[in-house]
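Asker: I have a structure I would like to understand better, so I am pasting it below and will then ask my questions one at a time.
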Amino acid sequence: MLIGCLLIGNSFLLKAHGLALDIIPALAVSGVLVYIGSFSIGMGAIPWVIMSEIFPINLKGTAGGLVTVVNWLSSWFVSLTFNFLMIWSPHGAFYVYGGVCVLAIIFIAKLVPETKGKTLEEIQAMMM
Numbered sequence: 017m018l019i020g021c022l023l024i025g026n027s028f029l030l031k032a033h034g035l036a037l038d039i040i041p042a043l044a045v046s047g048v049l050v051y052i053g054s055f056s057i058g059m060g061a062i063p064w065v066i067m068s069e070i071f072p073i074n075l076k077g078t079a080g081g082l083v084t085v086v087n088w089l090s091s092w093f094v095s096l097t098f099n100f101l102m103i104w105s106p107h108g109a110f111y112v113y114g115g116v117c118v119l120a121i122i123f124i125a126k127l128v129p130e131t132k133g134k135t136l137e138e139i140q141a142m143m144m
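Mind the numbering: the sequence shown is residues 17 to 144 in the numbering used here, read in order.
Written out as structure tokens, the structure reads:
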């Protein structure tokens, strides 16, 4: 997703400066395709799988509801801020969202436990 945001941001930056006008459409479309593809195989699907692995049975319903609310509130916040950021700076908007991707990578690397090859009991013990 980060690479997609950077490609789209760079296409807007090149357009603003009138540089490489012939490759801007291909750069923008490539960025959108990379973003959609990486979202589909990453942040779009994996959180739901991880959620089902790390929460104990007695908390899955409540945790699933909370995760769903946070997911939709985050989507709403992105939709709310996008137009304001585009008015502020078209390329900057995508760099800001790329920065959020970097923060997500750091969060995942530091705080999300690895569950591969572990039993449910081992995963629950890690979470305590």
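Each residue gets a CB set at the ideal place from its N, CA and C atoms; glycine is no exception.
Whose CA, out of 26, 90, 99, 142, lies closest to the CA of residue 59?
Answerer: Sequence index remark: in the sequence shown, residue 59 carries index 43 (1-based). Per the Cα distances, 90.
Asker: By the 10 Å Cβ neighbour count, where 16 or more other Cβ atoms means buried, how is residue 68 classified, buried or exposed?
Answerer: Sequence index remark: in the sequence shown, residue 68 carries index 52 (1-based). Classification for residue 68: exposed.
Asker: May I ask you to report which of helix, strand or coil DSSP gives residue 41?
Answerer: Start at 1 with the first residue of the sequence shown, and residue 41 comes out as number 25. Reduced to three states, the DSSP call for residue 41 is helix.
Asker: Report back the beta-carbon spacing between residue 70 and residue 143 to the nearest angstrom; my notes put them in contact at under 8 Å.
Answerer: Locating residue 70 in the sequence shown gives position 54, counting from the first residue. Locating residue 143 in the sequence shown gives position 127, counting from the first residue. Indeed they touch by this definition, with Cβ atoms about 6 Å apart.
Asker: Taking residue 134 as the reference, give the member of 37, 22, 61, 66 with the closest Cα.
Answerer: Residue mapping note: residue 134 aligns to position 118 of the sequence shown, counting from 1. Of the candidates 37, 22, 61, 66, the one whose C-alpha sits nearest the C-alpha of residue 134 is 66.
Asker: Applying the 10 Å Cβ sphere with the 16-neighbour rule, what's the burial state of residue 1?
Answerer: A query on residue 1 cannot be resolved here, the shown segment of the chain reaching from 17 to 144 and no further.
Asker: In its own chain, which residues sit with a C-beta less than 6 Å from the C-beta of residue 107, not counting the 5 before and 5 after it?
Answerer: Residue numbering aside, residue 107 sits at position 91 when the sequence shown is read from its first letter. The answer, listed in chain order, is 25, 28, 29.
Asker: Consult DSSP for residue 59 and reduce its assignment to one of helix, strand or coil.
Answerer: Sequence index remark: in the sequence shown, residue 59 carries index 43 (1-based). Residue 59 falls in the coil class under three-state DSSP.
Asker: Taking a contact to mean a Cβ-Cβ separation below 8 Å, would you say residue 20 touches residue 56 in this structure?
Answerer: Counting from 1 along the sequence shown, the entry for residue 20 is found at position 4. Counting from 1 along the sequence shown, the entry for residue 56 is found at position 40. It is not a contact, given that the beta carbons lie outside the stated cut-off.
Asker: Inspect the beta-carbon positions of residue 112 and residue 96 and report whether they are closer than 8 Å.
Answerer: By one-based count along the sequence shown, residue 112 stands at place 96. By one-based count along the sequence shown, residue 96 stands at place 80. No.
Asker: Out of 62, 74, 131, point me to the one whose CA is closest to residue 120's CA.
Answerer: Counting from one through the sequence shown, the residue named residue 120 turns up at place 104. Answer by Cα proximity: 62.
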